[in-house]
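To convert, take the position in the sequence shown, counting from 1, and add 91; that gives our numbering. Taking it in order: structure first as structure tokens, then the write-up.
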Amino acid sequence: MAKTRPRTPRSASRAPRLTGLITVFLLGFALAFVLGTWTSGPDATERRIAELEQAEARRDVEQIGQLTELARGSRDRLTPVLQAMAKAAPLSGDTPRGPLTAAEVNGWRAILSAEVERYEETPSSGNGVNVARTAMRTAVRQLATAADGFAAAAAATGPLGGDLVTLAGHQRDLALQTWSVAALQLDVINVDAGNGHVHVQLPSGGDSGTIPLDSEPEGSQRR
């Protein structure tokens, strides 16, 4: 009697083929995902980072322009005050002129008080702009302190008045040095922004220790 071979269940014979199809499908899906990632460019996070960087760059360009205009105005407003201070406490070591008057010094103080207020606002900016603005703010505050010293000298009698004038002159020198650092920083960020060189140095004269003006013409892009 011939033996009958056992029949393999149909479901069992399909299982390997079904498993193979599923495996091929999953591999194809994974490959399509990887290729799609490679060819679709940066993901949403990278695009957002790029957008934020572009927005920050535009903001800094705007802030550089505003700070430059503020610094130019400060230079024009402070030059007469500094020229008068230089007569009271010469930078070159020359003999100072006659005694200061309270009315004259109070005029300096009023100008400097208004200048300090102009730098009180601190809009959001990049590090380069923040360094320039902070140095300018510090410089005008130092000049305001120097004006207070000149006022004290005007009210003093005897040798004390001369000593106070000398101290006020030293404070003025520190302000000029601080401003020269700020002016250099403003020059650098303007060149980087494509605006060219910007010169907002305050008149110093003598050996005040300030950073000298570069030789490039205003607006030049040469470093």
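Don't be surprised by glycine CBs; every beta carbon is placed ideally from N, CA and C. All of these numbers come straight from a predicted model, not from anything done at the bench.
Helix, strand or coil at glycine 260 according to DSSP, with G and I counted as helix | Taking the sequence shown and counting its residues from 1, the one referred to as residue 260 is at position 169. Looking at glycine 260 - three-state DSSP - the assignment turns out to be helix.
Taking the alpha-carbon positions, what's the proline 282 to arginine 263 distance?
-> Counting from 1 along the sequence shown, the entry for residue 282 is found at position 191. Counting from 1 along the sequence shown, the entry for residue 263 is found at position 172. Note on residue identity: the sequence assigns valine, not proline, to residue 282. Rounded to whole angstroms, valine 282 to arginine 263 spans 29 Å at the Cα level.
Of all the options Ser311, Ala230, Gly156, which has the alpha carbon lying nearest to the alpha carbon of alanine 266?
-> Translated into the one-based positions of the sequence shown, residue 266 becomes position 175. Measuring from the Cα of alanine 266, the nearest candidate turns out to be Ala230.
Alpha-carbon to alpha-carbon, valine 272 and alanine 226 = The residue given as residue 226 occupies position 135 in the sequence shown. The residue given as residue 272 occupies position 181 in the sequence shown. The alpha-carbon atoms of alanine 226 and valine 272 are separated by roughly 7 Å.
For valine 291, does the three-state DSSP call read helix, strand or coil?
-> What you label residue 291 is simply residue 200 of the sequence shown in a count that begins at 1. Valine 291 falls in the coil class under three-state DSSP.
Does the pairing of the stretch 212 to 223 with the stretch 240 to 255 give three or more beta-carbon distances under 8 Å?
-> no
Is the CB-CB distance between histidine 261 and alanine 274 below 9 Å?
-> On the sequence shown, position 170 is the one that residue 261 refers to. On the sequence shown, position 183 is the one that residue 274 refers to. Cβ atoms of histidine 261 and alanine 274: not closer than 9 Å.
Whose C-beta lies closer than 8 Å to the C-beta of glutamate 309 among residues of the same chain, with five residues either side of it excluded?
-> Position 218 of the sequence shown, counted from the start, is the residue given in the question as residue 309. Excluding sequence neighbours, glutamate 309 sits near Gly287, His288, Val289, His290.
Residue span of the alpha helix (DSSP H) that contains isoleucine 302, given as start and end | On the sequence shown, residue 302 is found 211 positions in, with the first residue counted as 1. Unbroken run through isoleucine 302: none, as it is neither H nor E.
Just how far apart, CA to CA, sit isoleucine 202 and arginine 314?
-> Here residue 202 corresponds to residue number 111 of the sequence shown, with the count starting at 1. Here residue 314 corresponds to residue number 223 of the sequence shown, with the count starting at 1. Answer to the nearest angstrom: the Cα atoms are 35 Å apart.
Return the Cβ separation of leucine 255 and leucine 173 in integer angstroms, given the expectation that the two are a contact with Cβ distance under 8 Å.
-> To locate residue 255, count along the sequence shown from 1; it is residue 164. To locate residue 173, count along the sequence shown from 1; it is residue 82. Rounded, the Cβ-Cβ distance is 18 Å, inconsistent with contact.
Would you please state the rounded distance, in angstroms, between the beta carbons of leucine 304 and threonine 159? I believe it to be under 8 Å.
-> Counting from 1 along the sequence shown, the entry for residue 304 is found at position 213. Counting from 1 along the sequence shown, the entry for residue 159 is found at position 68. Actually they are not in contact, since the Cβ atoms of leucine 304 and threonine 159 sit about 16 Å apart, beyond 8 Å.
Taking threonine 170 as the reference, give the member of Gln154, Ser295, Glu307 with the closest Cα.
-> For the purposes of this step, residue 170 is identified with residue 79 of the sequence shown, where counting begins at 1. Residue Ser295 holds the alpha-carbon nearest to the alpha-carbon of threonine 170 among Gln154, Ser295, Glu307.
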